Amino acid sequence: MPGDRKPLISGNWKMNINHLEAIQVVQKLAYLLSSDDYVAVDVSVHPPFTDLRSVQTTIEGEKRCEVALGAQNCHWEDKGAFTGEVSPAFLAKLNCALVIVGHSERRELFGETDETVNKKVKAVFAHAMTPIMCCGETLEEREAGQTDAKVLGQVKAGLAGLKAEQVASMVIAYEPIWAIGTGKTATAEDAQAVCGAIRATVAEQFDADTAAAVRIQYGGSVKSSNAAELMGQPDIDGALVGGASLDPDEFAKLVQYRLHGG
Ligand code: PGA
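What the sequence shown shows, in the numbering used here, is residues 468 to 729, in sequence order.
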């Protein structure tokens, strides 16, 4: 049922905020958010790997904090000779609930492919965590009219071989690359059009119930001033937020988008 999808707002800190700063950021966020917020919206933070243990203990030590812990990436193997990589098993051990997979920065700067993204999505599920699988087109692709081909191709390849119930429980983040960190947001209509096409693709690849259940986030220069309009779209079920998630005041305001109007 589309109405049953609870929005998920996720803060992707990228390579920002060290583990000492992270404790303060999370404490402030916990102070700013109330139980009403957690009823309306699911919230997650995705700190760098070196912060995870500190953030985990901070969240678990705060009385009223229901912020979920997430990671920004993982390897698809559980262990082995993979210098510099992080096992999904280790993330699960830190009580990570969510893992971002296939962010465009990973794809563009670190050579991730649809195939490795698909392996990582499966590995995240194998450790009972939830993947946030990212997709999105470049400006050139958008201008050449290839947005749907690129994005829907990434979605199909990333979901290949999954069970319908896994897809129903996961998150897909549509992030046009030209909108990330640029201050340029897709218009709510453009974002909705692609998120709607993603849902239609999931319906085709799996079934209507799965498509109705999967949560689709929009990402790309989301801030407290534009969140309400984006979140008002029928196929947008949350936001993956970079820059605006680094300041707890701004991120809390964004999570409370329903109070600030659009
Ligand atoms: P941004 O990043 O909000 O800074 O544009 C979004 C993302 O890359 O997830």
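Here a beta-carbon is modelled for each residue, glycine too, at the ideal position from N, C-alpha and C.
Everything numeric in this text was worked out from a predicted model, so none of it was measured.
- In this structure the stretch 539-549 lies against the stretch 582-602, because at least three pairs of beta carbons, one per stretch, are closer than 8 Å.
- L626 and V634 have their C-alpha atoms some 7 Å from each other.
- S477 is bridged by DSSP to S511, L707.
- The closest CA to that of W645, considering only L606, Q621, L713, H513, is found on L606.
- As a beta-bridge residue in DSSP terms, L536 pairs with V512.
- For L707, the distance from the CB to the nearest heavy atom of the ligand PGA is below 6 Å.
- Here P701 is exposed. Its C-beta has fewer than 16 other C-beta atoms within 10 Å.
- A distance below 8 Å between beta-carbons, with the five flanking residues on each side excluded, links N479 to the following residues of its chain, in chain order: H513, Q539, I567, H570, G686, L707, V708, G709, S712.
- Between L721 and S691, the C-beta gap is smaller than 7 Å, which places the two residues in contact.
- Per DSSP, T525 is not a residue of any beta strand (DSSP E); the alpha helix (DSSP H) it occupies stretches across 519-528.
- Here the distance from the Cβ of I647 to the nearest heavy atom of the ligand PGA is below 6 Å.
- The Cβ atoms of L536 and A719 do not sit closer than 7 Å to each other.
- For T550, the three-state secondary structure derived from DSSP is coil.
- In this structure, the alpha-carbon of V681 lies about 6 Å from that of M637.
- 7 Å or more divides the Cβ of D518 from the Cβ of A559.
- The three-state reading of DSSP puts I644 in helix, counting H, G and I together.
- Taking 7 Å as the cut-off, the beta carbon of P474 is found closer than this to the beta carbon of G705.
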